[in-house]
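Student: Mind looking over this structure? Questions follow.
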Amino acid sequence: MIYVKEKDLVVPGEILAEDDYYAGRGTFQENGKVCSNLLGLVSLRNKKISVIPLKSKYLPKKGDVVIGKIDDVRFSMWGVDINSPYPGILPASEVFGRDKKDLSRVFDIGDVLFLRIVDVDEVKKVKLGLKGRGMGKFKGGIIVDIAPTKVPRLIGKKGSMINMIKDKTGCKIVVGQNGLVWVKGKQEMEQIVKDTIKLIEKEAHTSGLTDRIKNRLCLLIDGELPEEENEEIEENFDDAFKKPELQDFREEAERELADEKAQNEEDFDDLDEDIDESEDDFDEDIDESEDDFEDVDESEDDFEDVDESEDDFDEDIDESEDDFEDESEEDDEEDIDESEEEIVEDEDESDDEIIEEDEAESEEEIVEDEDESDEEIIEEDEAESEEEIVEEDEAESEDDAVDEESEEAVDEESEESESADLEEGEEKPKESKFLDTFKHIKEQEKKNKSPFDLSRGNRKSPTLNISSNK
Amino acid sequence: MNVVPEISKRSIVKLINNGKRADGRDFDQRREIVVEPNIITKAEGSAKVTLGDTQVIVGVKPSIGEPFADTPDVGVLMTNCEMLPMAAPEFEPGPPSPESIELARVVDRGIRESELVDLEKLCIEEGKKVWMLFIDLHVIDYDGNLFDCANIAVMAALLNTKLPTASIVDDELVLDEENLMDLPVRDKVALSTFVKIGNGMVLDPSLEEEEVLDARLSVGVTQNNSYISSMQKGGEVPLTRDEILDAVHTAIATKDEIFEYLE
Amino acid sequence: MIEEVFFISSENKQLRADGRAYDELRPIKIKAGVLKRADGSAYVEVGGNKILASVYGPRETYIRRLLKPNTGVIKVRYNMAPFSVDDRKRPGPDRRSNEISKIAADALRPALMLESFPRSMVDISIEIIEAEGGTRCAGITAAAVALADAGIPMRDIPVGCAAGKMNGDIVLDLSEKEDKEGQADVPIVILPRTGEITLLQADGKLTEEEFEEALDLAMEGCMRISKIQEEALKERYNVNG
């Protein structure tokens, strides 16, 4: 016996169904009845009823990517406001390794960072980390907030919404799963994106939103409606709400990061005078608008400035690297550097491929998800358990890394080079994220995707061992 | 303590230095004002005013009491403000914060010094009985610029305040509840608050502008003769002479916008 | 001020001071989502009562001794505006408002499912803008809507209403005048789906039978108000129609 249908708006306590229905997320079972415990929209999957909330606070989950604001600097950690009932902490060791430094020189109160949730413990202490592509401090741009439950809507089906906004406005956009969004582009475009995000938040529960947003953006930016070829962005009302777990989002974020990484790489390339012209134009635009700030804090120079002051840049790096070398005296420094380089190179080569694969895979996953309504619940469970396994593996691999001192040393080294980057400015992560990459490898391995990935999986330890045994 | 993200601050400053505001307003443009007078039946005068998304409710309650010794023939005005915890996540219950006291006093000064209410007409028996007006400000939603919103709300409430006619018969105070008199209001005052951010002074700051302000200046201007009746500077950064004079000029030039809502 | 003339006799149950039937509620109006900053909010008018309720949270517990490791906690602040009553009320909490704050928290807590928010706190604020009898029930009704609006998980939406005794009759939803002149007042809050009672007070003299009648009448009133709460919440998201 069911009393509601898909997409119905229900209130807490409302009886949704009786007898042979299962209570999904946002519902509870009482005396054989399935009731809603939220103000939200009904989502039916065969016999499983869920309610997707229209408003909700962000609950931190391990592995989520979030945008946080430094609100405290202590002796060995930063306090980070992650727009949640639970404050986050970023241990200094995530940035420096074992060494203690003046933390506020790296991140100060008010800085906004892109972070990954490393762990949420029993007392809801949220430990944050910077391992991952694109992680670090944002420079420039604006922060827009959106209800965390509406983040999937902002992303859209396979990223349709967010990519459309990016295309139309030329802004860089990074979405945190905690409902904070970073936008950087031309000043007026930033404001347009901000208004658009607010509009999406307000109308998230209505259908045909992507098209309306697109028309609006076209009117605002081009002064005319788009040509009639956007049929493929067929909007499905429940897509956006179906997975509040944001599986699709995570992939989106990865892709986003990959994009940025690609861009960063181009910026690095700039040093070698290998300039992509269009990219350059874009950077210049930003440069102009940012002139005001360049003198505010020299150590924070944006990467765009690199073109102008190559020498400075190198010097800075040298300086910061000196710092690290002092810390790892027992290791052979040169060798570490060498191996580090090797790793970086390797990753540079292979990363793109991985990303491509990831994307393909994630899209598959999403498609699966969307069609799931026709499938058995068992399958969904399978998918979930798979997820869990992956997570376990991650943990394992992390443990492995920590177990071996040698690996730790390199880990630290890599972290430090990362922090150096961060000190230089935003979004310039050198490829030092073993764990992150390793996770992907593990995933690939599990799914037997390609021999290439397996080889990468094996490669890690030998490289590490070489560096430390010397 | 709410920390403002550094990049948000920079973005707002950058906009203002380029002559723009985040919400697209001009520097001397106020947000939308909505005045709802007479919303509380039990109060002798009341109003709810919305300025952008800032909302303030004002109730006026009269009572009869003794005048102050140095002004035996004038009535008494008391302005009190509560920044309710519902208005913002950082507002806490408890005794009035310094901010809420400042708000009450700035609004009070604007009303008092413009001699808007003819307080002499509120004297019932010299030295013994005068009307005391309690103006209670309730901030229910804080989205920037409480000063101007509160000032409009107080004005709107005073303009619809009605008092029983009071007289002394055989040394006894007699209140005639059937013959109500309008509060003797003879002028109006427009409070205009500016904030300095970067190189610009903007009127009617939004919350995000207020969070990053360098300095704040409120200017009260009377409807009759455009007298400056009250001013208050806030914030940690100094203002120049020209900035202040510009603000005063804008306050006078735009004051009628506010009075339109009070008709 | 015109004095209202009213007849009430035990023969004629239908007539009350304001012309209501014995089982008739005062006009009631509920709106959800009326404040921008609050996570959830509601505005309720019951007769001459005008009440605002707001919810912030779940958020970090700033009062450490309240923290519970296994679930979230709530804190309620019931406050009357100085201009909400005939004679100006001094601002700030008094014994009455402190008591109501406490019983309101007790009335709301059983409906909340804060297990997924351990160590957090939900701040509920009930602000009486204008009072005309029965503010505690109407205030809790408003707070419940604000909680749902904030997206707080709840097993039900609590709803409050009172019944009382007026010139020997049991009547629903006492107005201020009836409250003052009547012989008894029984405010309750229930969880409408199950009919469980989460707040019960009574003052005045009632026989056992009268109490039962009052309780049933109040519960019926609650059920009717519950429908209006539901409509208000759905209205908030009813963009297209």
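Listed in order, the protein sequences are those of chains A, B and C. Here this note's numbering is used: the first residue of the first sequence is 942, the next is one more, and so on. Here this note's numbering is used: the first residue of the second sequence is 12, the next is one more, and so on. Here this note's numbering is used: the first residue of the third sequence is 11, the next is one more, and so on. For every residue, glycine included, the Cβ atom is placed at its ideal position computed from N, Cα and C. All figures in this text were calculated on a predicted structure; none of them were measured in a lab.
#1: Return no unless some Cβ of chain B is closer than 7 angstroms to the Cβ of N250(C).
#2: Residues of chain B with CB closer than 7 angstroms to the CB of D1086(A), please, in chain order.
#3: In chain order, which beta strand (DSSP E) runs of at least 3 residues are fully inside the segment 168-245 of chain C?
#4: Are the C-beta of L957(A) and some C-beta of chain C separated by less than 7 angstroms?
#5: Does any residue of chain A have a CB that is nearer than 7 angstroms to the CB of E219(B)?
#6: Any idea what DSSP makes of I1083(A), helix, strand or coil?
#7: Output, in chain order, the set of chain B residues within a Cβ distance shorter than 9 angstroms of G1126(A).
#8: Under the three-state reduction of DSSP, which class applies to F158(B): helix, strand or coil?
#9: Between which two residues does the alpha helix (DSSP H) carrying D116(C) extend?
#10: Any beta-carbon of chain A closer than 7 angstroms to the one on I167(C)?
#11: Could you spell out where the alpha helix (DSSP H) holding E113(B) opens and where it closes?
#12: Can you give me the C-alpha to C-alpha distance between V46(C) and V150(B), rounded to a whole angstrom?
#13: Determine, for D147(B), whether the minimum Cβ-Cβ distance to residues of chain C falls below 7 angstroms.
#14: With K140(B) as the anchor, note down where its beta strand (DSSP E) starts and where it stops.
#15: Since P100(B) meets chain F, which of its residues come closer than 8 angstroms, beta carbon to beta carbon?
#16: Residues of chain C with CB closer than 8 angstroms to the CB of V1064(A), please, in chain order.
#17: Residues bridged to R1015(A) by DSSP?
#18: Between which two residues does the beta strand (DSSP E) holding N248(C) run?
#19: Restricting to Cα atoms, I'd like to know which of D187(B), P216(B) and I163(B) is closest to G35(B).
#20: Could you give the distance in angstroms between the alpha-carbon of L1031(A) and the alpha-carbon of N1119(A)?
#21: So if I threshold CB-CB distances at 7 angstroms, which residues from the segment 138-158 of chain C count as touching chain B?
#22: Please check the pair D152(B) and D64(B), which I expect to be a contact at CB under 8 angstroms, by giving their CB distance rounded to whole angstroms.
#23: If you measure from the beta carbon of M233(C) to each beta carbon in chain A, is any gap under 7 angstroms?
#24: In its own chain, which residues sit with a C-beta less than 7 angstroms from the C-beta of K215(C), not counting the 5 before and 5 after it?
#25: Leaving out five residues on either side along the sequence, give the residues of the same chain with a beta carbon under 8 angstroms from the beta carbon of G76(B).
#26: State yes or no: is the beta carbon of E241(C) nearer than 7 angstroms to at least one beta carbon in chain A?
#27: Identify the continuous beta strand (DSSP E) that holds F1037(A) and give its terminal residues.
#28: Taking 6 angstroms as the cut-off, does the CB of K1068(A) come closer than this to any heavy atom belonging to the ligand MG?
#29: Using the rule of at least 16 other Cβ atoms within 10 Å of the residue's Cβ for burial, across every protein chain shown, is L184(B) buried or exposed?
#30: Listed in chain order, which residues of the segment 46-73 of chain C have Cβ atoms closer than 8 angstroms to some Cβ of chain A?
#31: Would you kindly work out how many angstroms separate the C-alpha atoms of A91(C) and C92(B), rounded to a whole number?
#32: To test your reading of the DSSP string, which unbroken beta strand (DSSP E) runs of 3 or more residues are found completely within the segment 942-973 of chain A?
#33: Output yes if chain A places a C-beta closer than 7 angstroms to the C-beta of I238(C); else output no.
#34: Just to check my reading of the structure: A154(C) and V196(C) have Cβ atoms closer than 8 angstroms, yes? What is that Cβ distance to the nearest angstrom?
#35: Quick one: using the 10 Å Cβ neighbour count with 16 as the cut-off for buried, is K53(B) buried or exposed?
#36: For P83(B), which option in L133(B), F102(B), K59(B) and V118(B) has the closest C-alpha, if you only look at C-alpha atoms?
Tutor: On the basis of the coordinates in this document:
#1: Counting from one through the third sequence, the residue named residue 250(C) turns up at place 240. Confidence at N250(C) is low in this model, with a pLDDT of 44, below 50, so the placement of that residue should be treated as unreliable; the coordinate-derived value is given next. No, because no Cβ of chain B sits closer than 7 angstroms to the Cβ of N250(C).
#2: To locate residue 1086(A), count along the first sequence from 1; it is residue 145. Here the premise fails: no neighbours, minimum Cβ distance about 11 angstroms.
#3: 169-176, 179-182, 194-201 and 206-210
#4: Within the first sequence, numbered from 1, the residue matching residue 957(A) stands at position 16. Answer no: the Cβ-Cβ gap between L957(A) and chain C never drops below 7 angstroms.
#5: Here residue 219(B) refers to the residue found at position 208 when the second sequence is read from its first residue. By this cut-off, E219(B) is not an interface position.
#6: Here residue 1083(A) is taken as the residue at index 142 of the first sequence, counted from 1. Here I1083(A) sits in strand by DSSP.
#7: Here the question's residue 1126(A) lines up with position 185 in the first sequence. By Cβ distance, chain B contributes nothing, its closest Cβ being about 11 angstroms from G1126(A), past 9 angstroms.
#8: Along the second sequence, read from residue 1 onward, the residue named residue 158(B) stands at position 147. Three-state result, F158(B): helix.
#9: As a working mapping, residue 116(C) is identified with position 106 in the third sequence. Run containing D116(C): R105 to L118, per the alpha helix (DSSP H) assignment.
#10: Counted from its first residue, the third sequence places residue 167(C) at position 157. Yes - at least one Cβ of chain A is within 7 angstroms of the one on I167(C).
#11: As a position in the second sequence, residue 113(B) is number 102, starting the count at 1. P109 to E124 is the span of the alpha helix (DSSP H), which, as asked, contains E113(B).
#12: Walking along the third sequence from the start, residue 46(C) turns up at place 36. Walking along the second sequence from the start, residue 150(B) turns up at place 139. The amino acid at residue 46(C) is misidentified as Val; the sequence shows Lys. Their Cα atoms are separated by approximately 13 angstroms.
#13: Walking along the second sequence from the start, residue 147(B) turns up at place 136. At least one chain C Cβ lies under 7 angstroms of D147(B).
#14: The count along the second sequence starts at 1 and reaches residue 140(B) at position 129. Run containing K140(B): K140 to D152, per the beta strand (DSSP E) assignment.
#15: This model lacks chain F altogether; the protein chains it does include are A, B and C.
#16: Walking along the first sequence from the start, residue 1064(A) turns up at place 123. The answer, in chain order, is P79 and R129.
#17: Mapped onto the first sequence, residue 1015(A) falls at position 74. Paired residue(s): none; R1015(A) is not in a bridge.
#18: Along the third sequence, read from residue 1 onward, the residue named residue 248(C) stands at position 238. That residue, N248(C), is in no beta strand (DSSP E); it is neither H nor E in DSSP.
#19: Position 24 of the second sequence holds residue 35(B). Here the closest residue by C-alpha is P216(B).
#20: As a first step, residue 1031(A) is located in the first sequence; it is residue number 90 there, counting from the start. As a first step, residue 1119(A) is located in the first sequence; it is residue number 178 there, counting from the start. Between L1031(A) and N1119(A), the C-alpha separation is close to 16 angstroms.
#21: I139 and E140
#22: As a position in the second sequence, residue 152(B) is number 141, starting the count at 1. As a position in the second sequence, residue 64(B) is number 53, starting the count at 1. Confirmed, about 6 angstroms.
#23: Against the third sequence, residue 233(C) aligns to sequence position 223. Not closer than 7 angstroms to any Cβ of chain A, the Cβ of M233(C) fails to qualify, so no.
#24: Within the third sequence, the letter at position 205 stands for residue 215(C). Excluding positions up to five away in sequence, the list reads Q193 and A194.
#25: As a first step, residue 76(B) must be located in the second sequence, where it is residue number 65. Closer than 8 angstroms at the Cβ level, and outside the excluded window around G76(B), lie V87, K140, V141 and M143.
#26: Taking the third sequence and counting its residues from 1, one reaches residue 241(C) at position 231. Not closer than 7 angstroms to any Cβ of chain A, the Cβ of E241(C) fails to qualify, so no.
#27: For the purposes of this step, residue 1037(A) is taken as the residue at position 96 of the first sequence. Careful: F1037(A) lies outside any beta strand (DSSP E), inside the alpha helix (DSSP H) at S1034 to F1037.
#28: The ligand content of the structure shown is nil, which means the ligand MG is not present either.
#29: On the second sequence, position 173 is the one that residue 184(B) refers to. It counts as exposed.
#30: D49, G50, G67, P68, R69 and E70
#31: Here residue 91(C) refers to the residue found at position 81 of the third sequence. Here residue 92(B) refers to the residue found at position 81 of the second sequence. Looking at the two C-alpha atoms, the distance is approximately 11 angstroms.
#32: 956-959 and 968-971
#33: Residue 238(C) sits at position 228 when you count from the first residue of the third sequence. By this cut-off, I238(C) is not an interface position.
#34: Translated into positions along the third sequence, residue 154(C) becomes position 144. Translated into positions along the third sequence, residue 196(C) becomes position 186. Not quite, the Cβ-Cβ distance comes to about 19 angstroms (not below 8 angstroms), so this is no contact.
#35: Within the second sequence, numbered from 1, the residue matching residue 53(B) stands at position 42. Result: buried.
#36: Here residue 83(B) corresponds to residue number 72 of the second sequence, with the count starting at 1. Among L133(B), F102(B), K59(B) and V118(B), the Cα nearest to that of P83(B) is on L133(B).
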